[in-house]
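Undergrad: Got a structure for you, written out below as structure tokens; questions coming shortly.
Number of protein chains: 2
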Amino acid sequence: MIEDRVLEALLKPKAVAVIGAAREPWKVGHIILRNIVEGGFPGRVYPVNPRAEKILELKCYPTILDVPETPDIAVIAVPAKIVPQVVEQCGQKGVPLIVIISAGFRETGPEGAKLEREVVEIARRYGSRIIGPNCLGIMNLDVKLNATFASNAPPPGPISFISQSGAVITAVIDLARMYGVGFNKIFSLGNKADIDETDLLHVLARDPTTSMVLMYIESIDRGQEFIKTAREIIKDKLVVAIKAGVTERGARAVSSHTGSLAGSARVYEVAFQQSGIVQVRSLRELLSFIRLAGRYSRPSELDKPRLVIVTNAGGPGIVATDACEKAGIELASIGPDLIERLRQVLPPAAALHNPIDVLGDADPDRYCKVLDIVLKYPEINSVLVIATPQATTRPSELADKLVNIVNRFGKKIVLVAFLGGESFEEATRKLVINKVPVYSNIEDAVDSLSVLDRWFKLRAKVLEYISEKITLIEIDVKAIREIIERAKSDGRRVLTLDEALELASRIGIDVPPGGLARTEDEAVHIAEKVGYPVVLRIVSPDILHKSDIGCVKLNINSPEEVRAAFRDIMEKVRIFAPHARIVGVHVSKMIKGRYEAIIGFTRDPQFGPVIMFGMGGIYVELFRDVSMRIAPFTRLEALDMIYETKIGKIMMGYRGSRPVNIDMIVNTILKVMSLAVCIEDIVEMDINPLLVTDNAVFAIDVKVVVR
Amino acid sequence: MIEDRVLEALLKPKAVAVIGAAREPWKVGHIILRNIVEGGFPGRVYPVNPRAEKILELKCYPTILDVPETPDIAVIAVPAKIVPQVVEQCGQKGVPLIVIISAGFRETGPEGAKLEREVVEIARRYGSRIIGPNCLGIMNLDVKLNATFASNAPPPGPISFISQSGAVITAVIDLARMYGVGFNKIFSLGNKADIDETDLLHVLARDPTTSMVLMYIESIDRGQEFIKTAREIIKDKLVVAIKAGVTERGARAVSSHTGSLAGSARVYEVAFQQSGIVQVRSLRELLSFIRLAGRYSRPSELDKPRLVIVTNAGGPGIVATDACEKAGIELASIGPDLIERLRQVLPPAAALHNPIDVLGDADPDRYCKVLDIVLKYPEINSVLVIATPQATTRPSELADKLVNIVNRFGKKIVLVAFLGGESFEEATRKLVINKVPVYSNIEDAVDSLSVLDRWFKLRAKVLEYISEKITLIEIDVKAIREIIERAKSDGRRVLTLDEALELASRIGIDVPPGGLARTEDEAVHIAEKVGYPVVLRIVSPDILHKSDIGCVKLNINSPEEVRAAFRDIMEKVRIFAPHARIVGVHVSKMIKGRYEAIIGFTRDPQFGPVIMFGMGGIYVELFRDVSMRIAPFTRLEALDMIYETKIGKIMMGYRGSRPVNIDMIVNTILKVMSLAVCIEDIVEMDINPLLVTDNAVFAIDVKVVVR
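For the protein sequence lines, the chains are E and U, in the order given. Here the numbering used here is used: the first residue of the first sequence is 5, the next is one more, and so on. Here the numbering used here is used: the first residue of the second sequence is 5, the next is one more, and so on.
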């Protein structure tokens with residue numbers, strides 16, 4: 005939660021103090037003050053420095069307590085050791101927002117971490133909030149405030165940026181200055197001792213001047229709140245995130261670098277998807293997108309791309325088509341009337357379909373005639389212009405004319421790919437100056453557009469999800485707690501087979517009829533009761549891989565076979581697991597299903613319960629035909645989980661296969677989800693296989709790990 | 005086959021004629037002549053133009069027949085209609101190589117195609133070879149020959165380029181000029197009426213001045229020869245190719261554009277892999293690689309990359325690590341002695357592992373001290389330098405110092421990623437001028453290195469393949485032909501089940517014991533002979549999906565059940581396929597296997613027989629767990645086919661599963677391959693499922709389509 009006064013400080017600050025403001029121009033405390041002054045912040049600015057009278061023409065104050073008003077923001081750039089004392093004073097003064105630039109905290113080791121906790125506790129006592137420490141600072145260009153020690157600021161505009169890396173901010177600023185991309189608010193998160201990405205997303209959701217949000221993320225701390233907040237902001241703002249540290253090695257680099265724990269890459273992917281946030285696949289994609297965002301920064305004015313490619317060469321047209329197809333971008337179809345109009349301005353050899361090939365001898369005029377026709381067409385809302393250097397291309401003139409066209413069709417997206425080097429240097433510069441997104445290859449242009457495209461698709465899906473209510477399925481909590489307590493009091497973290505099967509049936513998932521037999525006679529009795537064929541399995545807290553040591557007997561068809569199987573299991577135990585505690589042998593009816601699925605959950609330290617559905621069996625890890633969702637979620641999301649897997653598609657009736665009752669699978673997923681949400685004591689659960697027949701499911705084997 | 009005199013003309017031309025040389029500076033025939041003259045070609049140049057005395061100070065000849073010697077190359081730039089006559093004269097003159105620039109052939113439709121065939125026939129009569137028509141021309145910068153109508157030429161160097169798109173050549177030249185990337189030979193393929201990519205690859209294999217080859221390919225015409233030729237050249241030259249038209253839509257664009265038929269994307273992938281050619285995933289990757297190739301163009305002087313990342317910011321270091329991990333590039337480990345040496349030049353807070361974080365306050369000197377230490381280390385052969393714009397970065401000075409370092413460590417690869425925009429403009433220019441590969445994002449740099457990395461890995465594999473002999477397995481050709489003839493004489497293209505099973509057994513693949521029954525009695529007789537349980541299946545040339553209409557009966561356990569099943573099948577036929585011709589009912593022993601595989605082949609129009617292995621069953625297309633190879637291939641390649649699939653990994657003993665006899669699977673693949681190679685009449689075959697037990701395989705269902 006961000007309090008109103010902190011929100012006010014972040015959105016509309018009127019007075020800022022710089023604690024540790026320095027006279028020496030190379031010192032961070034000086035650079036920040038200078039950035040604020042030179043940035044043209046119209047509010048009051050108070051340098052705090054006990055050993056200076058004036059810095060940059062501004063009167064200095066010995067402490068924040070001496071400042072004649074309570075500033076909205078105090079920026080702290082003093083040595084780490086003094087920070088607690090300074091924060092204490094900020095608290096006393098009632099400063100709502102403290103931005104701690106100083107390094108020397110958690111990132112340096114245990115002692116720094118202790119100092120950091122201390123600082124947060126002090127601030128909390130006074131109700132002050134902290135950004136940082138160990139950060140670059142914040143910018144609010146909407147009010148011309150640059151409270152960072154970055155060398156430069158980008159031009160103002162509607163894009164905001166939340167970043168866990170200060171260096172990525174300076175790189176983006178540098179790029180933004182070159183391409184004239186306007187930014188609104190820039191937040192450097194630093195060590196995230198207090199305010200984190202979720203808080204700032206919450207702030208930006210309430211910021212009418214921000215229409216797009218970029219995020220550089222190494223870790224998300226409060227996963228559930230993050231998703232909730234994101235689902236709110238993406239309704240009318242486009243949010244793009246890069247998650248760094250996605251690979252195993254990368255993840256190690258995160259933890260050694262910022263001390264923050266990275267969740268697994270897959271869970272982050274799922275989280276972004278559920279959030280409606282577009283996850284870019286590389287920093288390159290983010291940087292490419294920024295060029296597009298520079299001009300087309302108000303997503304509410306745009307629509308899902310329906311693209312036309314206009315090229316002066318066939319080969320690059322094919323390459324662009326390939327790239328669009330891979331990215332899933334819709335290529336607009338060119339209707340007969342449009343073809344007719346194009347024919348009038350193009351030579352007979354030109355290709356009039358999409359891609360439109362204006363031919364190698366096209367001059368700037370021919371390009372523009374085509375663009376003018378195409379962009380007037382209501383069904384087409386974006387164009388990728390590709391030029392290769394030919395004798396008649398005249399890049400510089402082409403650039404001038406493109407600028408004109410792009411300005412005329414303000415709300416239609418025009419991207420330019422100049423394929424070459426030398427010939428396009430001047431032309432590229434012209435487009436850059438005029439904020440026309442220009443690229444030196446086709447794929448960067450397509451990637452940029454793809455970010456927008458993915459947002460439209462993802463947003464539509466998430467809006468559908470949000471419109472539905474989450475209903476947890478009622479489960480027998482009392483009985484389940486009893487099963488768990490029994491295991492715990494026994495000193496066990498893993499339930500035995502009979503306990504786990506009982507648990508499954510308590511959440512309403514059928515298990516094959518059967519029971520626990522302690523003797524041969526009991527085994528035969530159960531078999532006769534449930535009917536042949538039956539399955540016999542050892543039940544022991546000490547035997548995890550039952551079938552590996554021959555303690556699972558399938559397809560048992562008579563009392564004699566039951567007895568033989570029982571004896572053989574016991575013999576195997578004597579040989580392979582002589583010290584195992586034996587609860588008995590589980591006897592159950594052998595059921596034939598059409599499919600083997602897996603449904604289970606685990607708990608992610610950042611995001612909470614993650615539910616999985618997919619193809620079951622012993623090779624789950626090999627085929628990885630699984631989908632995941634962070635709980636809780638709706639029926640519709642459960643249905644999508646099924647559809648996202650191959651086995652799910654088959655169950656739904658792939659290529660004429662008879663569909664199973666999908667509602668039943670959805671319900672089973674929701675039952676497992678409800679268990680995960682309601683019983684915190686279970687840390688992991690797998691139902692594998694979950695046998696699926698046309699109209700029923702059976703939990704055949706269940707693994708449950710408790711806390 | 006390229007004749008010696010054509011090879012000589014391509015590698016060491018001494019005299020060139022330009023037929024259609026024009027006085028008007030804007031005409032293609034003038035531009036080509038001017039390019040040859042201005043390019044400084046030291047040989048003789050003969051303009052041919054019946055209506056001119058002199059062009060560009062050179063004496064003109066009315067026809068090629070009037071030229072005082074036989075030129076090695078005649079470049080033709082006359083209207084399409086006159087081309088046959090001109091080619092006739094070239095033939096009479098004995099010109100070995102004719103480069104036809106003129107358009108108006110196959111690309112314009114059937115009449116142009118006819119004209120093209122005519123031209124090729126004329127040339128063939130005289131033993132002349134043709135490049136083009138409809139092409140940009142050729143360059144041989146080794147002898148300073150620029151016989152193209154491109155506006156510019158790149159500097160000379162060891163890289164050659166074969167391209168099916170003239171525009172991509174002009175774009176690459178433009179880029180090469182900017183980055184100072186040296187090229188050797190550039191061939192524009194045009195319509196490939198005669199000489200194709202395989203011929204030119206063959207030429208470049210014999211060209212001592214070429215050490216790297218780039219290819220832009222839309223289609224490959226002679227797949228088998230291409231692979232053979234590639235396997236020769238990649239021994240000591242790096243070959244990189246982009247295949248345009250990889251997606252369905254893209255492929256359509258190919259065929260509408262150049263009239264050439266594109267093979268399926270997957271087959272091309274397989275072909276490149278078998279060839280040892282690195283297939284780039286985008287034009288961007290090719291253009292990125294060209295910058296690296298500009299400096300590190302002699303792969304024989306390099307080794308598989310073992311990379312160190314040096315960065316002034318943690319975030320980008322993580323991003324780079326992610327990118328390397330995804331690309332499979334080996335990050336060098338930093339040993340204790342190296343760490344010790346780094347410690348001496350870096351502040352305590354610096355990260356000394358890979359990535360090495362020199363910290364945000366690093367100046368150019370600190371960067372260079374670290375690079376100097378790292379590059380002296382024999383275990384490290386490549387470095388990615390990342391810089392973000394910080395107060396002390398001083399990009400321009402950093403660039404100067406980097407140039408110095410890069411020059412000093414000539415054979416170690418140094419790539420630079422400048423993350424930003426404005427701040428790095430001058431520094432980037434400095435690196436570009438000095439041919440240091442510089443990128444504006446991390447991923448382009450990593451992609452470039454990845455091309456090299458993939459080549460080293462691929463080459464090693466292909467060299468292993470080449471070292472082994474291909475041995476076809478003997479199959480009973482006579483018996484197989486008889487089966488096929490029987491079907492053909494019957495007017496059938498698809499073999500019936502009993503024929504197909506017989507065929508499988510004729511190539512040495514076991515089928516379950518059984519036979520064809522025409523009556524209930526015969527069925528019972530067969531069942532009794534082979535033993536229960538048995539399977540009954542209808543045999544009819546008119547029933548393709550047997551099980552869909554209930555004409556497959558599994559798990560039949562007694563004579564009574566056999567009779568009932570037989571009658572039921574016949575009843576189902578009466579209901580669902582009343583007009584089907586019935587051969588009988590196939591009765592066979594029901595066998596239980598551990599796995600269901602698929603082995604089959606198809607014929608690709610470009611590459612010939614493509615053999616497939618993978619997970620069988622009814623969802624082959626959904627799971628796509630299959631690998632492919634173009635036949636013929638070696639045992640080792642068959643083994644790799646198995647290993648490339650998940651089901652194959654399982655069969656080999658994934659995670660402690662009991663391995664099956666893999667030799668047996670390899671042999672089965674080789675048997676199918678031998679069939680594909682020896683019996684051209686079979687166009688398609690599927691064994692699915694191929695039942696796999698520990699020590700045997702059985703073809704359960706077989707589909708064979710004949711020509």
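Backbone N, C-alpha and C define an ideal beta-carbon position, used for all residues, glycine too. Remember, predicted model here, so these are calculated numbers, not experimental data.
Specify the secondary structure class of Q168 of chain U as computed by DSSP and reduced to three states.
TA: Looking at Q168 of chain U - three-state DSSP - the assignment turns out to be coil, as it is neither helix nor strand.
Undergrad: Look up S192 of chain E in the DSSP assignment and give the residues it is bridged to.
TA: Note: S192 of chain E sits in a beta bridge opposite E:S167.
Undergrad: Per DSSP, what kind of secondary structure is L375 of chain U in: helix, strand or coil?
TA: Three-state result, L375 of chain U: helix.
Undergrad: Along the chain, where does the alpha helix (DSSP H) that runs through E503 of chain E open and close?
TA: That run of the alpha helix (DSSP H) goes L501 to R510.
Undergrad: Classify L15 of chain E: buried if its beta carbon has 16 or more other beta carbons within 10 angstroms, exposed otherwise.
TA: With 16 or more Cβ atoms within 10 Å of its Cβ, L15 of chain E is classed as buried.
Undergrad: Please state whether the Cβ-Cβ distance between A78 of chain U and C64 of chain U is less than 9 Å.
TA: Result no, Cβ atoms of A78 of chain U and C64 of chain U do not sit closer than 9 Å.
Undergrad: So which of E:P351, E:N53, E:V243 and E:D376 has the shortest CA-CA distance to D365 of chain E?
TA: When only C-alpha atoms are compared, the closest one is E:P351.
Undergrad: Could you name the residues that DSSP lists as bridge partners for V442 of chain U?
TA: Answer is U:V420, bridged to V442 of chain U.
Undergrad: DSSP beta-bridge partners for F605 of chain E?
TA: For F605 of chain E, which the question treats as bridged, DSSP gives the partners E:I615 and E:M689.
Undergrad: Does E42 of chain U get closer than 9 Å to chain E when you measure Cβ to Cβ?
TA: No - not a single Cβ of chain E is within 9 Å of the one on E42 of chain U.
Undergrad: Classify S264 of chain E as helix, strand or coil using the three-state DSSP reduction.
TA: Low local confidence applies: a pLDDT of 27 at S264 of chain E is under 50, so the model's placement there is unreliable, with the coordinate-based value given in what follows. If DSSP states are grouped into helix, strand and coil, S264 of chain E belongs with coil.
Undergrad: Taking buried to mean at least 16 other C-beta atoms within 10 Å of its own C-beta, is D2 of chain E buried or exposed?
TA: Because residue 2 of chain E is not part of the residues shown, which for chain E are 5 to 711, the question remains open.
Undergrad: In the DSSP assignment, find the alpha helix (DSSP H) that holds M645 of chain U and state where it starts and stops.
TA: Residues R639 to Y647.
Undergrad: Counting only beta-carbon atoms, is Y272 of chain E nearer than 9 Å to chain U?
TA: By this cut-off, Y272 of chain E is not an interface position.
Undergrad: How many angstroms separate the CA atom of H529 of chain E from the CA atom of R567 of chain E?
TA: If you take the alpha carbons of H529 of chain E and R567 of chain E, they lie about 11 Å apart.
Undergrad: Between the stretch 295 to 325 of chain U and chain E, which residues of the former have CB atoms less than 8 Å from a CB of the latter, in chain order?
TA: If the cut-off is 8 Å between Cβ atoms, the stretch 295 to 325 of chain U has N316, A317, G318, G319, P320, G321, I322, V323 and T325 near chain E.
Undergrad: Answer with buried or exposed for M5 of chain E, where buried requires no fewer than 16 other C-beta atoms within 10 angstroms of its C-beta.
TA: M5 of chain E comes out exposed.
Undergrad: Name the chain U residues that come within less than 9 Å of L419 of chain E, Cβ to Cβ?
TA: The contacting residues do not exist; L419 of chain E stays about 14 Å from chain U at best.
Undergrad: From P75 of chain U to A127 of chain U, what distance separates their C-alpha atoms?
TA: The straight-line gap from Cα to Cα measures roughly 15 Å.
Undergrad: Look at the Cβ atom of N699 of chain U, then the Cβ atom of V676 of chain U, and state whether they are nearer than 9 Å.
TA: No; because the gap between Cβ atoms is not below 9 Å, this pair is not in contact.
Undergrad: My understanding is that I231 of chain U touches Q278 of chain U, with C-beta atoms under 8 Å, so please give their C-beta distance in whole angstroms.
TA: About 5 Å; that satisfies the 8 Å criterion.
Undergrad: According to DSSP, is L626 of chain E helix, strand or coil?
TA: L626 of chain E: helix per DSSP, three-state reduction.
Undergrad: With the cut-off set at 9 Å, would you say N316 of chain E and D361 of chain E are in Cβ contact?
TA: Cβ atoms of N316 of chain E and D361 of chain E: closer than 9 Å.
Undergrad: Give the DSSP bridge partners of K58 of chain E, in chain order.
TA: Answer is E:K63.
Undergrad: So for N671 of chain U, helix, strand or coil by DSSP?
TA: Residue state, collapsed to three classes: helix.
Undergrad: Chain U beta carbons: is any one of them nearer than 9 Å to that of D178 of chain E?
TA: Yes - at least one Cβ of chain U is within 9 Å of the one on D178 of chain E.
Undergrad: Which value, in whole angstroms, describes the spacing of the CA atoms of P693 of chain U and A151 of chain U?
TA: Between P693 of chain U and A151 of chain U, the C-alpha separation is close to 57 Å.
Undergrad: Note down, in chain order, every chain U residue with its Cβ under 7 Å from the Cβ of A248 of chain E.
TA: Per Cβ cutoff of 7 Å: G319, I322, V323 and D326.
Undergrad: Is the distance from the Cβ of I68 of chain U to the Cβ of Y50 of chain U below 9 Å?
TA: Contact flag set, yes.
Undergrad: Mind listing the chain C neighbours of K650 of chain U? Cutoff is C-beta to C-beta under 8 Å, in chain order.
TA: Although the question refers to chain C, the structure presented lacks it and instead comprises the protein chains E and U.
Undergrad: Can you name the residues of chain U whose CB is closer than 8 Å to the CB of G425 of chain E?
TA: Residues of chain U passing the Cβ test: D178, L179, A180, R181, M182 and Y183.
Undergrad: Would you mind working out which of E:P29, E:A25, E:L37 and E:L60 sits nearest P54 of chain E, comparing C-alpha positions?
TA: It is E:A25.
Undergrad: Can you list, in chain order, the residues of its chain whose CB lies under 6 Å from that of G254 of chain E, leaving out five sequence neighbours each side?
TA: Residue placement at G254 of chain E is flagged as unreliable, the pLDDT there being 44, under the threshold of 50; a coordinate-derived value is accordingly withheld.
Undergrad: Can you tell me the Cα-Cα spacing of K97 of chain E and L62 of chain E, whole angstroms?
TA: For K97 of chain E and L62 of chain E, the distance between alpha carbons rounds to 20 Å.
Undergrad: Just list the alpha helix (DSSP H) runs in the stretch 465 to 552 of chain E, keeping only unbroken ones of 4 residues or longer that don't cross its boundaries, in chain order.
TA: Listed in chain order, they are 481 to 493, 501 to 510 and 524 to 534.
Undergrad: What would DSSP say about Q283 of chain E, mapped onto helix, strand or coil?
TA: Note: Q283 of chain E maps to strand in three-state DSSP.
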